[in-house]
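Report on the following structure.
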Amino acid sequence: ARVEDAAARATPLWELASLAVEDDWQGRGIGSSLVRRLLERQSATGASLANIYLITLEPTCPFYESLGFRRLDEARQIPRQMAFEVRAGEALSALLGNKLICMRHQGSARP
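Here it is, written out as structure tokens:
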């Protein structure tokens, strides 16, 4: 009952995960188009784009920033629902020589 009650009171959260474009097709706007369409569909439902998060590696941040996402620089900004995934990913990515970044869409009216 506590879990159901907490879930009912929780702010909706959407995670953009696993966007990939084959190397030969990169640089043609395919990834940007996919993300924009996703944002448009989400916006059309009346849901806030500010409830869309993603976890990525630092080199891909400029791509997502160009689509309205911003880095969450403080641990307290990361939603509880994603905290474990972020911590585990940070540990693994550090071992592999990367930096994991959690991002949130800024919720602009037009994706």
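Take the sequence shown: its position 38, counting from 1, is numbered 32 in this note's numbering, and each next residue is one higher. Glycine is no exception: its CB is placed at the ideal position from the N, C-alpha and C atoms.
Beta-carbon separation of Val80 and Cys96 under 7 Å? yes
Given a threshold of 16 other Cβ atoms within 10 Å of its Cβ, counted over all protein chains shown, does Arg35 qualify as buried or as exposed? exposed
Give me the Cα-Cα distance between Leu28 and Ile72, rounded to the nearest whole angstrom. 24 Å
Which whole runs of the beta strand (DSSP E) in the region 65 to 99 are 3 residues long or more, in chain order? 94 to 99
Ignoring anything shorter than 4 residues, give me the alpha helix (DSSP H) runs that lie fully in the region 4 to 52, in order along the chain. 24 to 38
Please work out which residues of its chain come closer than 6 Å, Cβ to Cβ, to Gln75, disregarding the five sequence neighbours upstream and downstream, and give them in chain order. Leu7
Does the Cβ-Cβ distance between Leu33 and Leu48 come in under 7 Å? no
Roughly how many whole angstroms lie between the Cα atoms of Leu13 and Gly25? 7 Å
Sequence-distant residues of the same chain with beta carbon closer than 6 Å to Leu61, five excluded per side: Val29
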